[in-house]
Amino acid sequence: MRNLLSFLLVAICFLTAEAQSDSSSAVRPPIIDIHVHTIPVNPAFSAPLCPWFLSDMPGADPNDQAPPFMNADCVDPLPAAANDAELQQAILDRIENMNLTLVAFGDSRILHNWVDAAPAGRILPGIGIDTRMPVADFRDSLRSGFYKVVAEVAPQYQGLSPSDTIFTPYFSVAEEFNIPVGIHMGTGGNGMANLTSPNFRASLGNPFLLEDMLARHPKLKIWVMHAGYPMVDELIALMGANAYVYLDISGFIWSYPLDEVHHVIQQLVRAGFGKRIMYGTDFLFWPRMIETSIGVVQNARYLSKDQKRDILYNNAARFFRLD
Ligand SMILES: [Zn+2]
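Residues in the sequence shown are numbered from -11 upward in steps of one, following our numbering.
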């Protein structure tokens, strides 16, 4: 009888454990998207988008009409959200259905709306560096505790190096509060300097330009946005010399030729940085851009299951010190 009882107890424990692992496997594994822009939807500028549209980067003549920056000439272009409310709902749905946590930054009104509407802790708000903002005000913003990251810092668009000393006092504040900083390096699409940002310089996206700044701020934690694409060799050298630097694969993941995207991710993993690659979208206002970009990682045949989990979640959880 005692034997039968112990058998039944063991069987019940086993079945309960099975049921628990069944119910937990029903929950989607968490994903952190560390590069989400909050911007107001402007229907005039939000045409449908073809992923990997930079597979064709034609030249143009300065005296002719400028080439289009994007195109919608593909089988299944991603539709843009029609307005701010639709965009917010699309984000909230994805946070819930895809078990997403976001690092989001940009327009402050939209950011606050999203944070208020989302479950606690699922949106980590970021603030950029605007050198017209007095450093004391920047310090107050970080001290408030609302902002968990400083991003997106994009000196390249202003024609400046990230090591330009104009940014030094701001980086010092981030260093003092132990807040990670995301810096745009590298990509700019086709004709950025001609079309929208005359001060943009390709050379100012070189990851080596971060070295002096890193030397000035030994306690600062940064991640290189867009993997500094296409200057990946330079980023690999920089990360070899600076063990606290991480990267994100946002932006180029949905815009540059897909074969090239895979080549870059594989190169970074092969070089030994699989624990420092973080998933990010560079989300703007095409909701399905999130699933499209996550799919690139999930479908990468050269990545193991563990490497995919690292890129989609574990590396960012470690970098941002999440539970
Ligand atoms: Zn960027």
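Every residue, glycine too, gets a C-beta built ideally from N, C-alpha and C.
Contact check, residue i vs residue j under 8 angstroms by CB: the rounded distance?
{"i": "A105", "j": "L80", "result": "6 angstroms"}
{"i": "P150", "j": "L198", "result": "5 angstroms"}
{"i": "A39", "j": "W242", "result": "According to the sequence as given, residue 39 is Pro; it is not Ala. P39 to W242, Cβ: 5 angstroms. Contact."}
{"i": "I210", "j": "Y158", "result": "Their Cβ separation, rounded to whole angstroms, is 12 angstroms, which puts I210 and Y158 out of contact at 8 angstroms."}
{"i": "A35", "j": "A73", "result": "That belief does not hold up - the Cβ atoms of A35 and A73 are roughly 20 angstroms apart, past 8 angstroms."}
{"i": "V252", "j": "Y290", "result": "Between Y290 and V252 the Cβ distance is about 12 angstroms, and since that is not below 8 angstroms, they are no contact."}
{"i": "A54", "j": "A48", "result": "6 angstroms"}
{"i": "T89", "j": "R110", "result": "5 angstroms"}
{"i": "T269", "j": "S238", "result": "6 angstroms"}
Quick check: residue i and residue j, are their CB atoms within less than 8 angstroms of each other?
{"i": "M138", "j": "G114", "result": "Checking the sequence, you will find Val at residue 138 rather than Met. Cβ atoms of V138 and G114: closer than 8 angstroms."}
{"i": "L112", "j": "F271", "result": "no"}
{"i": "V91", "j": "V24", "result": "yes"}
{"i": "Y301", "j": "I20", "result": "yes"}
{"i": "E140", "j": "H172", "result": "yes"}
{"i": "F57", "j": "N178", "result": "yes"}
{"i": "M317", "j": "D236", "result": "As shown, the chain starts at -11 and ends at 311. That puts residue 317 outside it, with no answer to give."}
{"i": "Q254", "j": "V220", "result": "no"}
{"i": "I27", "j": "D95", "result": "yes"}
{"i": "M359", "j": "R16", "result": "The structure shown does not extend to residue 359, since the chain is modelled only from -11 to 311, so the question has no answer here."}
{"i": "Y234", "j": "N303", "result": "yes"}
{"i": "L148", "j": "L202", "result": "no"}
{"i": "H214", "j": "F240", "result": "yes"}
{"i": "V161", "j": "V123", "result": "yes"}
For ligand 1, is there a heavy atom less than 7 angstroms away from the beta-carbon of residue i?
{"i": "H250", "result": "no"}
{"i": "A106", "result": "no"}
{"i": "M213", "result": "yes"}
{"i": "G193", "result": "no"}
{"i": "A142", "result": "yes"}
{"i": "P118", "result": "First, the amino acid is wrong: residue 118 is Asp here, not Pro. Flag unset: Cβ of D118 not near ligand 1."}
{"i": "D270", "result": "yes"}
{"i": "H205", "result": "no"}
{"i": "G239", "result": "yes"}
{"i": "H172", "result": "yes"}
Going by DSSP, name the residue or residues bridged to residue i.
{"i": "V169", "result": "V138 and I210"}
{"i": "I299", "result": "I299 pairs with nothing; no bridge assigned."}
{"i": "H25", "result": "F93"}
{"i": "L112", "result": "V91"}
{"i": "I20", "result": "T89"}
{"i": "L66", "result": "L37"}
Let me see if you follow: with CB-CB separation under 8 angstroms, is residue i close to chain C or not?
{"i": "Y145", "result": "Protein chain content of the structure displayed is limited to a single chain, and chain C is not contained in it."}
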